[in-house]
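Notes for the one structure printed next.
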Ligand code: PGA
C-alpha cells in the first residue's frame with residue numbers, strides 16, 4: 002500500500018515569522034497522524050526556519066523549486082545541496098506557475114529531477130494539461146509528453162522516491178476542482194504510462210497526488226479514488242486549520 006502524501010504549497014506567501022508559527026501549530030495538530038506523509042513548502046526565505054520548527058515532528062519540508070546546477074553564477078537560483086542543508090527533504094519541480102510564468106520546460110524539469118535525486122531530495126514533479134489542451138482532447142498526449150521528456154531519465158529503481166503531482170492547470174487557483182472521476186481517469190492514465198516506462202513494481206509504488214483547488218470538502222472524494230494518493234494544496238493550505246483538515250481527511254481510515 003502507498004502511504005498517502007499531502008503537501009502544502011505556500012507559493013509566495015508567509016514571512017519567516019508566519020512560517021514558524023504555522024509549523025509549530027501544524028505539528029501540534031498532526032502529532033498523532035502516523036499514516037500520512039505531511040509536507041510543507043515555504044518560500045526559500047522561510048525554509049530553514051520551517052525545517053527547524055518541524056524538527057522531531059512528522060512534518061517534512063520542501064523547496065518550491067531548485068536549480069539543476071550544483072553552483073555557479075545563476076543569480077536568484079538555489080541548488081539542491083543548499084535546500085538539503087537548509088533542512089528540506091523534498092522539492093516541488095515543474096509547477097505549472099514555473100512553466101507558464103518562468104519558462105520552465107520538460108527539459109529543465111528533467112535536469113532538476115536528476116539534481117534533486119542526486120542530492121537525495123524527493124522530487125514532487127508536477128504535470129498537467131491546460132484547459133485548451135483538455136478541450137482539444139489532448140490531455141493524455143500532454144501527460145505522456147511530460148512524463149517522457151520530464152521524468153523519462155529517472156532510473157526505474159528511483160521512481161518510488163519520486164512523487165508525481167497531477168495538477169490540471171485549469172483547476173489551479175480557480176476554485177474549479179477536477180471531479181473525482183476526472184482525477185481518477187488522469188491518475189490511472191499516468192500510472193499506466195509509468196508502468197510502460199518504468200515497469201510494474203516502480204509504477205505501483207509511486208505516489209500520484211492531485212493538485213488544483215483542493216479544499217477540505219473535496220478531499221475525501223479525491224483521495225478515495227484508487228490511483229489518487231494524496232494532494233498538493235495551494236490556497237487552502239495557507240490556513241493551518243484547513244490544511245490540517247485536509248490531512249485528517251486523507252488518512253486511510255478517515256470517515
Ligand atoms: P490551489 O493550488 O490549491 O490554490 O489550486 C494548487 C497548486 O498550485 O499546487
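In the working numbering, the protein residues as written are 2 to 256.
For glycine and all other residues, C-beta sits at the position ideal for the given N, C-alpha and C.
These numbers come from a predicted model, not from an experiment.
Residue 164 versus 108, 172, 133 and 155, residue with shortest Cα-Cα distance: 155
Write down every uninterrupted run of the alpha helix (DSSP H) in the stretch 206–237 whose length is 4 residues or greater and which is fully enclosed by it, in chain order. 217–224
Whole runs of the beta strand (DSSP E) within the stretch 9–43, excluding any shorter than 3 residues: 38–42
Residues near residue 50 by beta carbon distance below 6 angstroms, same chain, minus five either side: 17, 20 and 21
Check the DSSP bridge columns for residue 61 and list the partner residues they point to. 40
For the stretch 94–110 against the stretch 189–196, are there 3 or more C-beta pairs whose distance is under 8 angstroms? no
Any chance the stretch 159–177 sits against the stretch 195–204, with 3 or more Cβ pairs inside 8 angstroms? yes
Span separating the alpha-carbon of residue 150 from that of residue 111: 7 angstroms
Backbone secondary structure at residue 76 - three-state DSSP: coil
How is residue 120 classed by DSSP in three states: helix, strand or coil? coil
Residue 81 versus residue 208: straight-line alpha-carbon distance, rounded: 21 angstroms
Three-state secondary structure assigned by DSSP to residue 126: strand
DSSP three-state call for residue 93: helix, strand or coil? strand
Considering only residues of the stretch 148–214, which uninterrupted alpha helix (DSSP H) runs meet the minimum length of 4 residues and lie entirely inside it, listed in chain order? 181–199 and 201–206
Same chain, Cβ closer than 7 angstroms to residue 131, five either side skipped, listed in chain order: 170 and 171
Alpha carbon to alpha carbon, how far is residue 46 from residue 77? Give it in angstroms, no decimals. 12 angstroms
Mapping the DSSP letters down to three states, classify residue 7 as helix, strand or coil. strand
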